[in-house]
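I have placed the structure first, in the form of structure tokens, so that the comments after it can refer back to it.
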Amino acid sequence: MQGTKELDKTNRIQEHEVNQKTDFFTHINEIGNIAKQAGGINDLFYEFAMPHLEFIQNRLSTNQIQTVLFACLIYLYNGDKITITRLANFMNYAVFKVLVYLDEFEILEQKRLLHIKREKEDYRYSGGHEQISFELRFTTIDALRKGYYSESAFSQQLSIEKFFVQVERLCEERVQRRQSYPNTIKNMRNLLKDNEHLLFVKKVKALGFNDDTTLVLLRFFHYMVNMDLSEMALYHLEAIYDHSSEFAPVRRLLQNGNYILLTEELIESTCSDGMSDTENFRLTDAAKDEFLVELEESFFNKMPKGMKLHSSIAEKNLFYPEKTQQAINELCSLLQSGYFDDIQKRLSENGMRTGFACLFSGNPGTGKTETAHQIARLTGRDIMPVDISGTKSKWYGDSEKMIKGIFDKYCSCVKRCDTAPILLFNEADAVFSKRRLIGKNNNGPAQTENAIQNIILNEIENLNGILIATTNLTNNFDSAFERRFLYKIEFEKPDIQTRKEIWRSLITFLSCEDACTLASRFDFSGGQIENISRKSTVHQVLSGKVPALEDIIKLCNTECLTGETMRKIGF
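FYI, the numbering for the sequence shown is 0 to 570, going by numbering that gives the first Met the number 0.
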């Protein structure tokens, strides 16, 4: 046998005496080399590898096959996941034979030695083995390198923030079917056991719930802490179960109000139009106050993701037609901290709505978005921009919840801040257009869009802060939205005088006469003029010469050719 000849020729194993002080990875390397020379994991391999296997086995408290599997994975590790196909090829096994050892892999995972990844919805029904792969944990590699071979060496006491990162991983791997339900429960137990120093974990364990209920509770906290979502639909809870039939008893208890998390007042159903919504649930305020004490400073007082501080907004000179300039100056004055507080107080005393909803409408490139940022800078208000397209979800009802969640986060922020921030709905054309008729051909999309619009209308009605919405719509604007906006400013294309000022502010070497020529010849928006000024700067850098008027006119002609395809810059 060729493998025998190679082993005999090198005489490495026969002459090798295992030194108990030998480095752990030296034994791993020997095991890997023997497997290669023996042509896989076979009788010849075991004949020569036993001393090394026993060394590893004694250190990790694993059985023989677990030791072989782990040693092969360590030997194959190159910083990336190891597919089950690659492992089978190295061991010279058929893949199904490696699949037989899935229980052994799960034991290795429980011992924190590796992590099993299942890529498809459920590996048992996926029809292929390639969806299973293995990851080695850095903490494991590091502990083995340092000579810490006890299982406890692989556990870490986490901060509350890092703990919730692991909760997120636990929940998402289960939802994506990269972990079996039993294994998820085992990992949850280990996570809680390793972090009993955290007050959150102590309180969760003190509840004495079974594993299923504890996992549901952790999913609620994951939704709030990691995803910034205040509500969770039943189908999101169902996602952690293998089959709908397994979730059915939980669903019934939730909907009739008898589920233990409801009776213990840890969660509650949400309300819709004054009615209890038994399809959606959220953590109670009491639960958040009691269980998330450790996150109070780092979580509850943090700014929402994407919040832009007013101090970080660069000053920018903007030019408008006179009518637009007057309207912007007036709005900016009203939103100054002292005036705004007095106005809100007076409105409240008269039983009127205290929110300021402002609409900036006009063609692209006329300065709507940048004006909102400059108002935030001048009034000392942070700004919370919202990407409306980011609220679109393939899941029924999720878009509505995300919109509601945006307003919930903004309201929470208003309560915490001394100066109310500005909520900016940028390019909100899609939600301000006229509501669609519900018909059999467009029932789903139309119903969702109308529901989103109704939520926004209701939230604007009850707003206790400042909303600025920008839109390119000049027609097809829903009248219900128009009534909700206290201030409406139309951004017209700049007139000749305004264009001249923009040209001179952006291309400073232009003479007054040249700026006048460009302003008269090209009916550009501020955004288009900035686009040309940027190209002019590039031209100057490449050529080393200041562009002449003729060069700039060429750039203008090119800009004219782009028409509606030009990039919106936000002027």
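Using N, Cα and C, we set each Cβ at its ideal position, and we do this for glycine too. Owing to the predicted nature of the structure, the values given are computational and were not obtained by experimental measurement.
Taking the alpha carbon of A356 as the reference point, which residue from V99, L334 and R376 has its own alpha carbon closest?
L334
Quick one: Cα of K204 to Cα of I159, how far?
15 angstroms
Just the C-alpha distance for M90 and I312, rounded to the nearest angstrom, thanks.
59 angstroms
What does the alpha-carbon distance come out to for the pair A419 and V413?
5 angstroms
What separation, rounded to the nearest whole angstrom, lies between the Cα atoms of N225 and T212?
19 angstroms
How about Q165 and L191: do their beta carbons lie closer than 8 angstroms?
no
Where F24 and R144 are concerned, what is the direct C-alpha to C-alpha distance, given to the nearest angstrom?
7 angstroms
Look at the Cβ atom of L282, then the Cβ atom of L265, and state whether they are nearer than 8 angstroms.
yes
Cβ shell of E134 (< 7 angstroms), same chain only, five flanking positions each side left out:
K80, L113, H114 and K116
Which residues share a DSSP beta bridge with E267?
R281
Alpha carbon of I83 to alpha carbon of L98, nearest angstrom:
8 angstroms
Cβ atoms of E369 and L317: under 8 angstroms apart, would you say?
yes
Need the endpoints of the beta strand (DSSP E) that E134 sits in, please.
I131 to E134
Three-way DSSP call (helix, strand, coil) for L317 in this model
coil
Tell me the rounded alpha-carbon separation between I33 and E53.
15 angstroms
Inter-residue spacing [alpha-carbon to alpha-carbon] between E458 and K96
59 angstroms
Closest residue to P363 among R136, R58, R173 and N425 (Cα-Cα distance):
N425
Look up E245 in the DSSP assignment and say whether it is helix, strand or coil.
helix
So the alpha helix (DSSP H) T353 belongs to, where does it begin and stop?
That residue, T353, is in no alpha helix (DSSP H); it is neither H nor E in DSSP.
Mind checking whether I506 and S524 have CB atoms under 8 angstroms apart?
no
R503 lies in the beta strand (DSSP E); which residues open and close that run?
No beta strand (DSSP E) holds R503; the alpha helix (DSSP H) holding it covers I495 to L505.
Given E230 as reference, the closest of D276, E195 and I259 once Cα atoms are compared:
D276
Please report the residue range of the beta strand (DSSP E) in which M383 lies.
I382 to D386
Along the chain, where does the alpha helix (DSSP H) that runs through I259 open and close?
I259 to T262
Member of S535, R503 and V67 whose CA lies at the smallest distance from the CA of E29:
V67
Is there a C-beta anywhere in chain B that falls below 8 angstroms from the one on L317?
No chain B appears in the structure shown, which is made up of a single protein chain.
Per DSSP, which residues does A518 bridge with? Please list them.
According to DSSP, which records beta bridges pairwise, A518 is partnered with nothing at all.
I need the boundaries of the beta strand (DSSP E) containing T368, first residue and last residue.
From DSSP, T368 is part of no beta strand (DSSP E) but of the alpha helix (DSSP H) over K367 to T378.
Sort out for me which residues DSSP pairs N425 with in a bridge.
D386
Note down, in chain order, each residue of its chain lying with its Cβ closer than 7 angstroms to the Cβ of G126, except the 5 sequence neighbours on either side.
Residue placement at G126 is poorly supported in this model, since its pLDDT is 44, which falls under 50; the coordinates still yield a value, given next. Cβ within range, chain order: n/a, list empty.
Mind checking whether I467 and F359 have CB atoms under 8 angstroms apart?
yes
Need the endpoints of the alpha helix (DSSP H) that E489 sits in, please.
That residue, E489, is in no alpha helix (DSSP H); its beta strand (DSSP E) goes Y486 to F490.
Classify N556: buried if its beta carbon has 16 or more other beta carbons within 10 angstroms, exposed otherwise.
exposed
Less than 8 angstroms between the beta carbons of L107 and Q65, yes or no?
yes
Between which two residues does the alpha helix (DSSP H) harbouring I73 extend?
Q63 to L75
DSSP state of C559, grouped into three classes?
helix
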